[in-house]
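Residue numbers (this note's numbering): 10 to 258.
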């Protein structure tokens, strides 16, 4: 089912959604949109909402649990506006957001659904999960003009690191928060604006009224931005992503 705008979906579509978890996929272009949707479904997301341009057409074989919303994803606040609208529309539900040509992986995802994983995470008294965006790129033998090829996908084995995240007001390190770097964004950092070089994203979270996603992929509730709780380590996840490869081509 397609909705003509974000506002129309929030008014008429979001209230009809059943229990989560939900996946929100933001299509910046038409590359590998269907494979991203099918991957999200295979992970066990009960509803997948695709936000994209007017020219986007989804695989007609997709189930009714997939919704298409016409939305300007590449607008400066295109993603945050949609995510924050969903937070207000469906409080209490677990949500995931990513872009097209991105694929979520988490511990034991071969045999456990995302719902099972999030149930365990919630029992650990966590409302959000840190995800690492791992850059994928087409292998040299593929000849892909856009840098995207699922069959020959490569990733960097080394070159990942983290730095302490400082509070801009006090200059002191934020508790249990780090900025992560690596992959294509590190190797080609001269082509990447400093604000876009991080590879950490709070891409799995439980919606709560008043909590807002910011442009830097963190939330206004600082506890959402932590990699673990104070008393022990917690799960993290990875998003395998062709997004940087597309941008560098």
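Glycine is no exception: its CB is placed at the ideal position from the N, C-alpha and C atoms. On a predicted model such as this, the values are computed, not experimentally measured, just so you know.
For the pair residue 168 and residue 206, the CB atoms are not nearer than the 8 angstroms cut-off. Residue pairing from DSSP places residue 107 in a beta bridge opposite 34.
Within the same chain, and ignoring the five residues on either side of residue 60 in sequence, the residues whose Cβ sits closer than 6 angstroms to its Cβ are 35, 78, 80, 82, 91.
Residue burial is scored here from C-beta neighbours: residue 66 has fewer than 16 other C-beta atoms within 10 angstroms and is therefore classed as exposed. Between the beta-carbon of residue 19 and that of residue 128 there is about 27 angstroms, and that puts the pair past the 8 angstroms contact cut. Its chain contains 220, 221, 223 as the residues whose beta carbon lies nearer than 7 angstroms to that of residue 229, once the 5 sequence neighbours on both sides are disregarded; these appear in chain order.
In this structure the stretch 167–186 does not lie against the stretch 148–155, because fewer than three pairs of beta carbons, one per stretch, are closer than 8 angstroms.
With a contact defined as Cβ atoms closer than 8 angstroms, residue 234 and residue 204 miss out at about 16 angstroms. Taking the CA atoms as reference points, residue 115 sits about 14 angstroms from residue 211.
The beta carbon of residue 47 lies closer than 8 angstroms to those of 68, 71 in the same chain, with the five residues before and after it left out. Taken through DSSP and simplified to helix, strand or coil, residue 144 comes out as strand. Contact between residue 104 and residue 53 is ruled out by a C-beta separation of about 14 angstroms, above the 8 angstroms threshold. When beta bridges are read from the DSSP output, residue 163 appears opposite 146. If you draw a 10 Å sphere on the C-beta of residue 253, you find 16 or more other C-beta atoms in it, and that means buried. Distance between residue 166 and residue 134, taken at the CA atoms: about 32 angstroms. Classified as buried, residue 32 has 16 or more neighbouring CB atoms from the shown chains inside 10 Å of its CB.
In the structure shown, residue 112 falls within a strand segment according to DSSP collapsed to helix, strand and coil. For residue 59, the uninterrupted beta strand (DSSP E) run begins and ends at 56–61, by DSSP.
Annotation for residue 199: no beta strand (DSSP E) segment contains it, and DSSP assigns it neither H nor E. Here the C-alpha atom of residue 55 lies approximately 24 angstroms from the C-alpha atom of residue 159. Take residue 87, set aside five residues on each side of it, and the residues of its chain with a beta-carbon closer than 6 angstroms to its own are 81, in chain order. With contacts defined as CB atoms closer than 8 angstroms, residue 99 and residue 11 fail to qualify as a contacting pair.
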